[in-house]
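Chemist: Here you go, one structure.
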Amino acid sequence: MTDSLLVDRTDAVVTLTLNRPDAMNALDVDLKLALRDTLASLESDRSCRAIVLAGAGRGFCVGQDLREHADLLESGHTDLDTVRAHYNPIAQRLASMPKPVVAAVRGMAAGAGASLALLADFRIGGPSTGFLMAFANVGLAGDTGISWSLPRIVGHARAVELLLLAQPVKGPRAYEIGLLSQLLEEDDQVLPVAQELAAKLAAGPTVAYGAIKRELSIGDAGTLSDALAVEAQAQSICGGTADHRAAVASFLAKQKPAFQGN
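In structure tokens:
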């Protein structure tokens, strides 16, 4: 495993740290491959019940490594096949991950780095946190799911503004418009608070969380019939879990349920 992605396990929480601090965690091929493949393995890893996504050093992630990209352009690679090979699978894994994902957004999240953060279920930030939908600044369209995630979070009109004007959004404004779930007073607390939230979620009904995420992915853009169909399927699955049976028994006994994630 490359050292550009650090994987730390604490009980049922897995923290993935983008580890290229000298490059503000810019995404080169090595890091993209590591993130893509690690997310794929965590998707089916039942011992992992929540994920934290973080960046090493003073930035979360500034997106594509433009130095590496410039070399590719110089050699004639202009079709940006990295979108299909790397960014699309990463985005799909994050968006459909059947367990909660928390982004610890300390420092700048720009370009594909912003896209990664916006695919998390929760985003925790601090005084240094900023978002920059930087794609247009280098003559590119959005990628890594930004055209799907950003309008869902801030609405269509504001998504157009953020993507076309490509101006930085600082922490307070980011929190105001929903780019952040929580804004802390100290940067040093961003990762611990994100991990604390992930630990709380990891102790919850993991199957139900995954089902709720699937419901919302359909319900946000589908018809009522689509939503009802996925809800019926989800309840059929959740109703057969040990967690559901134990939670009902705990309710009747007036006790707090202890979820096992199955």
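Position 6, counted from 1, in the sequence shown is what this note's numbering calls 788; the numbers after and before it change by one each time, with no gaps. In this text, a Cβ means the ideal position worked out from N, Cα and C, and glycines have one as well.
1. Assuming residue 976 contacts residue 794 under a Cβ cut-off of 8 Å, what Cβ separation, rounded to an integer in Å, is found between them?
2. Look at residue 962 and residue 905 and say whether their C-beta atoms are less than 7 Å apart.
3. List in chain order: all unbroken alpha helix (DSSP H) runs of 4+ residues lying wholly within the region 938-989.
4. List the DSSP bridge partners of residue 911.
5. Would you call the CB atoms of residue 893 and residue 845 closer than 7 Å?
6. For residue 911, I'd like the list of residues in its chain whose CB is within less than 6 Å of its CB, leaving aside the five on either flank, ordered along the chain.
7. In whole angstroms, what is the alpha-carbon distance linking residue 958 and residue 803?
8. Write down every uninterrupted run of the beta strand (DSSP E) in the region 794-846 whose length is 3 residues or greater and which is fully enclosed by it, in chain order.
9. DSSP state of residue 790, grouped into three classes?
10. Considering only C-alpha positions, which residue in the set 1008, 1041, 1018 is nearest to residue 1048?
11. List the residues that DSSP assigns as beta-bridge partners of residue 904.
12. Which value, in whole angstroms, describes the spacing of the CA atoms of residue 1027 and residue 918?
13. Count the other C-beta atoms from every protein chain shown that fall within 10 angstroms of the C-beta of residue 881, then say buried if there are 16 or more, exposed otherwise.
14. What residue range is occupied by the uninterrupted beta strand (DSSP E) comprising residue 892?
15. What does the Cβ neighbour count give for residue 1005, buried or exposed, with the cut at 16 atoms within 10 Å?
16. Tell me, to the nearest whole angstrom, how far the beta carbon of residue 788 is from that of residue 799; I am working on the premise that it is less than 8 Å.
17. Please report the distance separating the alpha-carbon of residue 884 from that of residue 1036.
18. Would you call the region 931-949 in contact with the region 964-971, where contact means no fewer than 3 C-beta pairs closer than 8 Å?
19. Hey, out of 938, 1038, 993, whose CA is closest to residue 1023's CA?
20. So, under 8 Å CB-CB, residue 900 and residue 932 are touching, yes? Tell me the CB distance rounded to an integer number of Å.
Modeler: On the basis of the supplied data:
1. Going by Cβ atoms, the distance from residue 976 to residue 794 rounds to 15 Å, so no, they are not a contact pair.
2. yes
3. 938-947, 953-958, 972-984
4. According to DSSP, which records beta bridges pairwise, residue 911 is partnered with nothing at all.
5. yes
6. 887, 953
7. 28 Å
8. 795-800, 832-837
9. strand
10. Residue 1048 is absent from the structure shown; the chain starts at 783 and stops at 1044.
11. 884
12. 51 Å
13. buried
14. 890-892
15. exposed
16. 4 Å
17. 31 Å
18. no
19. 993
20. 6 Å
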